[in-house]
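Note sheet for the following structure.
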Amino acid sequence: MKNKCELLAPAGDLERLKIALKYGADAVYIGGPLLSLRANAKNFTFEDIKEATTYAHNLNKKVYVTVNIVIHNEELKYIDNYLKELENCKVDAIIASDPAIIRRALKNTNIQVHLSTQASTLNIETVKFWKNLGVSRIVLARECTKEEIQEILNNVDIEIETFIHGAMCAGYSGRCVMSNFLTNRDANRGGCSQICRWDFDLLSESKKIIKGDKPFTFCSKDLSMLKYIPDMIDMGITSFKIEGRMRSIYYIATTVSVYRKVIDAYYNGEYKYDEKLEQILRRCANRDSVPQFFNNVYDNSCSYYNGRVEISNQDFLGIVLDYDEKNNIATIEQRNYFKVGDKIEIFGPNHDIINYKINKIFDEDNQLIDIVNHPKQVVKLIIKDKIDKDDMLRIKYD
Amino acid sequence: MKKIITIPSSFEEIDKSLNIIDGFIIGIKNLSININLEINDLSILDKYKTKEIFVAINKNLNNCELDLVRNILIELNNYNIKGVIFYDIGLLNIFNNLNLNYELVWSQEHFTTNYDTINFWNDMGAKYTYLSSDITIDEVNDISKNTNSKLMLNLFGYLPMFASKRHIVKNYLNNFSLKDDSKINYIEKEENCYPIIDNEIGTICYSSHILNGIDEYLKVNVDYVVLNSFNIDINLFIEIIKLFKTVNEDNVLEYKEKIDSCLNTDKGFLNKSTIYKVKNNEK
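Protein sequences appear in the order of chains G and D. Here the first sequence stands for residues 30 to 427, numbered as in this note's numbering. Here the second sequence stands for residues 70 to 352, numbered as in this note's numbering.
This is the structure:
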């Protein structure tokens, strides 16, 4: 077996970056102030990136920066300085697809270059091309099957990264510009308005409506490779990537901790498939997920005909701000409504899931209260099991 | 002098337009995307050897297709073609290990948006570029000033806006036990109708409006102007080629109106930049 695979998590800001690393990610990928495909996200300033790399490197972990937009003439003038700034910030790699960026990074900096999934790399010849150019890692297209990934691994000696969890594009990355046409927002420059999740009327050649029980949509279910992690480790994939730089700390903590647990269990020889973990992931995203192209199945079982209505997740109850070990008092910041009598779970990177029934809740003035229903309300619970700052409370799954 | 090439929909159309076009783009069965006419038998190319023929092998390639692509690239060397239009970089890597006497056209639809990247692929062996339809005429002309690559640009026809390996129409029909044998379907939103095709290699979807850039023809600095006949009546399309062939400063507005009056047209992104950062544009 090769080196232990990397668990790579998304982070939309410093808070999420620290949570991702704390919950077990080996590396995180972030967007900087320019040229990133989440143009409307908060993204990191150079100061943030410096803090992020210092924080990560102190933990012997890595930070990659996405520089993955499709460049237009007007952006060319920014690239050299931007790459130098990223190098000064000591980022471990950039993730790019446009050779205008890749060639400059390879020529003018010492930053490693990972080829973004935007390049839709599916085959051995393409991987060979980029390897010969000096790219150190390829993020494969999400359309790759298990056999195709294995063939690439068998034929080219280069780091391979694949997605293991998160939202899927309906089309080939880079080949969908529906957002440009329907909303004038540029999909390949960070403005994707997710037209694939819209409903449409489907018409026949003679323009008669073809109507099913639900409206026509391009929408795909999410990706979940939980069941296949042992296979993917055995294949020799270098890095397992979780999608979602816009996602919440709860999503990041949940997905990272679940995959961390499975990866470590497999390496330790203790792996056993656990349906409960699948359930945790499913509830966290509130969307159905399947292995998609890995098994070469992309029929209607991968399609999602649920309209645009997605109920926001109410499972995340609070985050631990502090734990007084001497008095067993946990200080909690509320994220969703909870009350006396609720059965909850507490999870964190340093312990197994703790089942807990809420018997008493104290407010900040140590007065007993029955419900916690104000956003970010700070309360105290008496919890005998040792927990830690940044542990999270969620509703108990049956 | 700009050349006019077409993406024809039939051999009948090629034959009818042969005297007024400089060349055309044709596909290979199951290896092409957004190309209307695909062939299995390359020998038919001999019939048109006086024209500039570009063969599009522009799907995303899987490992299992690499040998087939290599063989076709070698076989194409026996025909008098001008170039191969490619999307997947694997094709370029194969091409560069063969000694072939035609050109490569870098055609990564929505990535061909700046001169530096075009020059990169030029250095890598692709001396022609099929420009993105997502950029403005000003950007096209700026590219033209800064590259030696031969440039192609769509100025008429439906524009590709989506390609997927998934069978998105078939999946919907199957999921709800619906029957429909249409070769082309449409999806409709807010009175706009977008052609969508689900075939052997996946699903492609086009713009709702037909690009009519005839008024930019005289101003744009490219080597090839591409006119696409997809979903357009053959006789009307031949008339449109003739308009492009004879357009000048005196008749350009008349010609533009002539096309606009009989088709659902717009100017795509030729005069309209896409939004990059929504928040900045909302200020």
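Even for Gly, the Cβ is constructed at its ideal location relative to N, Cα and C.
*Using the rule of at least 16 other Cβ atoms within 10 Å of the residue's Cβ for burial, across every protein chain shown, is K352 (chain D) buried or exposed?*
Numbered from its first residue, the second sequence carries residue 352 (chain D) at position 283. Confidence in K352 (chain D) is poor, its pLDDT being 32 and thus under 50, which makes the residue's placement unreliable; the coordinate value appears in the next sentence. The residue is exposed, with fewer than 16 neighbouring Cβ atoms inside 10 Å.
*asked:* With a threshold of 8 Å between beta-carbons, can K352 (chain D) be considered close to chain G, or not?
replied: For the purposes of this step, residue 352 (chain D) is taken as the residue at position 283 of the second sequence. Caution applies to K352 (chain D), whose pLDDT of 32 falls short of 50 and renders its modelled position unreliable; the value that the coordinates give is listed next. By this cut-off, K352 (chain D) is not an interface position.
*How long is the line joining the alpha carbons of A125 (chain G) and D109 (chain G), rounded to whole angstroms?*
Numbered from its first residue, the first sequence carries residue 125 (chain G) at position 96. Numbered from its first residue, the first sequence carries residue 109 (chain G) at position 80. Between A125 (chain G) and D109 (chain G), the C-alpha separation is close to 14 Å.
*Pick from D:K239, D:W190, D:I74, D:H236: whose alpha carbon is nearest that of E121 (chain D)?*
Locating residue 121 (chain D) in the second sequence gives position 52, counting from the first residue. Of D:K239, D:W190, D:I74, D:H236, the residue nearest in Cα terms is D:I74.
*Are the Cβ atoms of G53 (chain G) and S286 (chain G) separated by less than 8 Å?*
The residue labelled residue 53 (chain G) in the question sits at position 24 within the first sequence. The residue labelled residue 286 (chain G) in the question sits at position 257 within the first sequence. Result yes, Cβ atoms of G53 (chain G) and S286 (chain G) sit closer than 8 Å.
_In the DSSP assignment, the beta strand (DSSP E) including H143 (chain G) goes from what residue to what residue?_
Residue numbering aside, residue 143 (chain G) sits at position 114 when the first sequence is read from its first letter. Here the beta strand (DSSP E) through H143 (chain G) covers 141–144.
*Which runs of the alpha helix (DSSP H) spanning at least 4 residues fall entirely within the stretch 121–203 of chain D, listed in chain order?*
If only uninterrupted alpha helix (DSSP H) runs of at least 4 residues are considered, those enclosed by the stretch 121–203 of chain D are 135–145, 158–164, 184–193.
*Does the count of Cβ pairs from the stretch 207–214 of chain G and the stretch 175–189 of chain G closer than 8 Å reach three?*
no
*Got a sec: which bits of the stretch 159–190 of chain D sit with their beta carbon under 8 Å from any beta carbon on chain G, in order along the chain?*
G159, L160, L161, N162, I163, Q177, E178, H179, F180, T182, N183, Y184, D185, T186, F189, W190
*Taking only the alpha-carbon atoms, compute the straight-line gap between R364 (chain G) and G377 (chain G) and give it to the nearest angstrom.*
As a position in the first sequence, residue 364 (chain G) is number 335, starting the count at 1. As a position in the first sequence, residue 377 (chain G) is number 348, starting the count at 1. Taking the straight line from one Cα to the other gives about 16 Å.
*Apart from the five residues on each side of it in sequence, which residues of its chain come closer than 8 Å, Cβ to Cβ, to H403 (chain G)?*
The sequence position of residue 403 (chain G) within the first sequence is 374, counting from 1. So the list reads Q363, once near-sequence residues are dropped.
_Contact list for K236 (chain G) against chain D, beta-carbon separation under 9 Å_ = As a working note, residue 236 (chain G) is residue 207 in the first sequence. Within 9 Å Cβ-Cβ: Y255, E257, C262.
*Would the beta-carbon of L160 (chain D) fall within 8 Å of that of I239 (chain G)?*
Counting from 1 along the second sequence, the entry for residue 160 (chain D) is found at position 91. Counting from 1 along the first sequence, the entry for residue 239 (chain G) is found at position 210. Contact flag unset, no.
*L280 (chain D) by DSSP, collapsed to three states: which one?*
Taking the second sequence and counting its residues from 1, the one referred to as residue 280 (chain D) is at position 211. For L280 (chain D), the three-state secondary structure derived from DSSP is strand.
_Can you tell me whether D127 (chain G) is helix, strand or coil according to DSSP?_
What you label residue 127 (chain G) is simply residue 98 of the first sequence in a count that begins at 1. D127 (chain G) falls in the coil class under three-state DSSP.
*Beta-carbon separation (whole angstroms), Q308 (chain G) vs Y426 (chain G), contact threshold 8 Å*: Position 279 of the first sequence, counted from the first residue, corresponds to residue 308 (chain G). Position 397 of the first sequence, counted from the first residue, corresponds to residue 426 (chain G). Q308 (chain G) to Y426 (chain G), Cβ: 6 Å. Contact.
_Helix, strand or coil at F158 (chain G) according to DSSP, with G and I counted as helix_ = Position 129 of the first sequence, counted from the start, is the residue given in the question as residue 158 (chain G). Three-state DSSP puts F158 (chain G) in a helix.
*So I76 (chain D) and S298 (chain D) are in contact, right, with Cβ under 8 Å, and what is the actual spacing, rounded?*
Counting from 1 along the second sequence, the entry for residue 76 (chain D) is found at position 7. Counting from 1 along the second sequence, the entry for residue 298 (chain D) is found at position 229. Indeed they touch by this definition, with Cβ atoms about 7 Å apart.
*Nearest to Y93 (chain G) by alpha carbon, out of G:N102, G:K71, G:K106, G:E116?*
Locating residue 93 (chain G) in the first sequence gives position 64, counting from the first residue. The shortest Cα separation from Y93 (chain G) among G:N102, G:K71, G:K106, G:E116 belongs to G:E116.
*Neighbourhood of D267 (chain D) by C-beta distance below 8 Å, restricted to the same chain and skipping five residues each side*: In the second sequence, the residue the question calls residue 267 (chain D) occupies position 198. Result list for D267 (chain D): H236, I237, V238, K239, N254, in chain order.
*Keeping to the same chain, check which residues put their C-beta closer than 6 Å to that of N129 (chain D); ignore five residues upstream and five downstream.*
Your numbering for residue 129 (chain D) matches position 60 in the second sequence. The answer, listed in chain order, is D157.
*Element boundaries [alpha helix (DSSP H), containing V321 (chain D)]*: Counted from its first residue, the second sequence places residue 321 (chain D) at position 252. Element bounds for V321 (chain D): 321–331.
*Residues in its own chain within less than 7 Å of N350 (chain D) by CB, not counting five upstream and five downstream?*
Taking the second sequence and counting its residues from 1, the one referred to as residue 350 (chain D) is at position 281. Confidence in N350 (chain D) is poor, its pLDDT being 44 and thus under 50, which makes the residue's placement unreliable; the coordinate value appears in the next sentence. Cβ within range, chain order: I344.
*Which partner residues of M45 (chain D) appear in the DSSP bridge assignment?*
Not covered by the structure: residue 45 (chain D). The range shown for chain D is 70 to 352.
*6 Å CB neighbourhood of S268 (chain G) in its chain, flanking five on each side removed*: To locate residue 268 (chain G), count along the first sequence from 1; it is residue 239. For S268 (chain G), where only same-chain residues beyond five positions count, the Cβ hits under 6 Å are E35, L37, E190.
*For M30 (chain G), is the classification buried or exposed, using 16 other Cβ atoms within 10 angstroms of its Cβ as the cut-off for buried?*
Sequence index remark: in the first sequence, residue 30 (chain G) carries index 1 (1-based). Below a pLDDT of 50, predicted positions are generally treated as unreliable, and M30 (chain G), at 49, falls in that range; the measurement from the model is reported next regardless. Classification of M30 (chain G): exposed, given that the 10 Å Cβ count is below 16.
*Would you tell me roughly how many angstroms separate the C-alpha atoms of D84 (chain D) and I90 (chain D), rounded to the nearest one?*
Counted from its first residue, the second sequence places residue 84 (chain D) at position 15. Counted from its first residue, the second sequence places residue 90 (chain D) at position 21. Here the alpha carbons of I90 (chain D) and D84 (chain D) stand approximately 10 Å from one another.
*Which residue from G:Y333, G:I181, G:T95, G:E176 puts its Cα closest to that of S249 (chain G)?*
Translated into positions along the first sequence, residue 249 (chain G) becomes position 220. Residue G:Y333 is the option with its Cα nearest to S249 (chain G).
*Cα separation between K196 (chain D) and F158 (chain G)?*
Residue 196 (chain D) sits at position 127 when you count from the first residue of the second sequence. Residue 158 (chain G) sits at position 129 when you count from the first residue of the first sequence. Taking the straight line from one Cα to the other gives about 17 Å.
*Please state if the CB of Y263 (chain D) and the CB of I365 (chain D) are separated by a distance shorter than 8 Å.*
Nothing about residue 365 (chain D) can be read from this structure; chain D reaches only from 70 to 352.
*Whose C-beta lies closer than 6 Å to the C-beta of E172 (chain D) among residues of the same chain, with five residues either side of it excluded?*
Here residue 172 (chain D) refers to the residue found at position 103 of the second sequence. Here the set comprises G152, K196, Y197.
*From A122 (chain G) to V96 (chain G), what distance separates their C-alpha atoms?*
Here the question's residue 122 (chain G) lines up with position 93 in the first sequence. Here the question's residue 96 (chain G) lines up with position 67 in the first sequence. Going from the Cα of A122 (chain G) to the Cα of V96 (chain G) covers about 10 Å.
*Which residues, taken in chain order from the stretch 205–221 of chain G, show a beta carbon closer than 9 Å to some beta carbon of chain C?*
In summary, chain C is missing from the structure at hand, where the protein chains are G and D.
_Please tell me whether L46 (chain G) has its Cβ less than 8 Å away from any Cβ of chain D._
If you number the first sequence from 1, residue 46 (chain G) lands on position 17. No, because no Cβ of chain D sits closer than 8 Å to the Cβ of L46 (chain G).
*Residue environment, Q396 (chain G), which counts as buried when at least 16 other CB atoms sit within 10 Å*: Here residue 396 (chain G) refers to the residue found at position 367 when the first sequence is read from its first residue. With fewer than 16 Cβ atoms within 10 Å of its Cβ, Q396 (chain G) is classed as exposed.
*Report the option in D:L114, D:N99, D:D284 whose CA atom is closest to the CA atom of G92 (chain D).*
Position 23 of the second sequence, counted from the first residue, corresponds to residue 92 (chain D). The closest CA to that of G92 (chain D), considering only D:L114, D:N99, D:D284, is found on D:L114.
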